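Have a look at the structure below, then the notes.
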Amino acid sequence: MMNAPPTYSILLLVLLVGSAISSVDSFLATAPRTATTKQTALRASFEDLRSAFPKDANIVKAGGWHNLEQLSEDPKGALVEYVVNGLKGTSSGSIQPSVAARDSEKIEALALLLYGMGKGFTADAIDGEWDLVFTKQGSKSPSFQKLVGKQETAGRSKNVFDVAKMVFSGDVRFWRWGKVATTVRYTPTSDAFSTSADGKIVVRRIVCQIINAFFKWWKLPGIPFPLPKKKGFLEVLYLDEDIRVTKGNRGGFFVHFRPGFLNQVMPL
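Just so it is clear: in the sequence shown, position 251 is 250 by numbering that gives the first Met the number 0, and no numbers are missing.
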């Protein structure tokens, strides 16, 4: 077999080197543009959410503007991932884990971003059964509520809204045999409404009055609790077909999943 002429070999080498250089140049030119496009889209999405933040939003507690922007791509997905990882990371599936300062900032940031999505209270969306999967008690939360919260496990504490009767009930189970059951009458109110990024009015608050409450241990008779005279409220930060995120008037932060969604993200 005859060898290729030297001139042909040199020409072939030049073409190969030129093609490689052209490919590298093309990659270097495209990569920054792709990254810039993604960053621009992220910033545009963040600005929409930011425009619907509450006026008293605590940006410092949320870790600053940069932290908020970095989490703004998919706030719901980030919260679900955080909750699920937390449940899987505890042998008991506790819904009230110890929250580090960095995690606290993340929770505050995601709460603000979800609020900015403009999905507050609606009767159709809130109706039916929910499972409590995460709580972060506020500094003003009752001591008993803090104690019980540490013993709760995901899927055992139920919350059911009956929009026809304008009540919701909850069974909080702890220490295997313990249960606290409550029935609450609620009324949506125009107080503390917000405006979404597209200008729609969003109902945020429901006023709550406990009308029945008792403690039960195993098969022993239930012991009724004295009912508080003052009304409280729940602020609906985010609500869709899968998850419900609320904050109580004493600062407690609560995340509920629909039972079907909980089984989907945490299959048995």
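All residues carry an ideal CB built from backbone N, CA and C; glycine is no exception. On a predicted model such as this, the values are computed, not experimentally measured, just so you know.
Range of the contiguous beta strand (DSSP E) that encloses residue i
i           : result
residue 292 : Look at the range of the chain in this structure, 0 to 267, and you will see that residue 292 is not part of it.
residue 234 : 231–238
residue 87  : Not the beta strand (DSSP E): residue 87 falls in the alpha helix (DSSP H), residues 74–87.
residue 161 : 157–161
residue 169 : 166–173
Span of the alpha helix (DSSP H) around residue i
i           : result
residue 262 : 258–264
residue 69  : 64–70
Residue burial classification, residue i (beta-carbon count within 10 angstroms, cutoff 16)
i           : result
residue 251 : buried
residue 218 : exposed
residue 101 : exposed
residue 131 : buried
residue 225 : exposed
residue 255 : buried
residue 46  : exposed
residue 243 : buried
residue 261 : buried
residue 11  : Confidence is the limiting factor: at residue 11 the pLDDT is only 46, short of 50, which leaves the residue's position unreliable, though a coordinate-based value still follows. Exposed, by the Cβ-count rule.
Residue i Cβ short of 6 Å to the ligand GDP heavy atom set
i           : result
residue 211 : The model on display carries no ligand, and the ligand GDP is accordingly not part of it.
Residue(s) in a DSSP beta bridge with residue i
i           : result
residue 120 : The partner list for residue 120 (beta bridge, DSSP) is empty, contrary to what the question assumes.
residue 131 : 255
residue 223 : 213
Beta carbon proximity, residue i to chain C, threshold 7 Å
i          : result
residue 59 : Of the chains in the structure shown, none is chain C; there is only one protein chain.
Which listed residue (the options) has its alpha carbon closest to that of residue i
i           : options               : result
residue 177 : 216, 222, 104 and 112 : 216
residue 43  : 69, 105, 209 and 201  : 69
residue 171 : 213, 164 and 206      : 213
residue 204 : 211, 220 and 187      : 187
residue 161 : 244, 123, 155 and 190 : 123
residue 72  : 207, 115, 206 and 195 : 115
residue 157 : 185, 164, 52 and 179  : 179
residue 190 : 133, 220 and 200      : 200
residue 223 : 234, 233, 209 and 236 : 209
residue 184 : 164, 175 and 229      : 164
Cβ-Cβ separation, residue j to residue i (assumed contact under 8 Å), whole Å
i           : j           : result
residue 56  : residue 113 : Their Cβ separation, rounded to whole angstroms, is 12 Å, which puts residue 56 and residue 113 out of contact at 8 Å.
residue 258 : residue 128 : 6 Å
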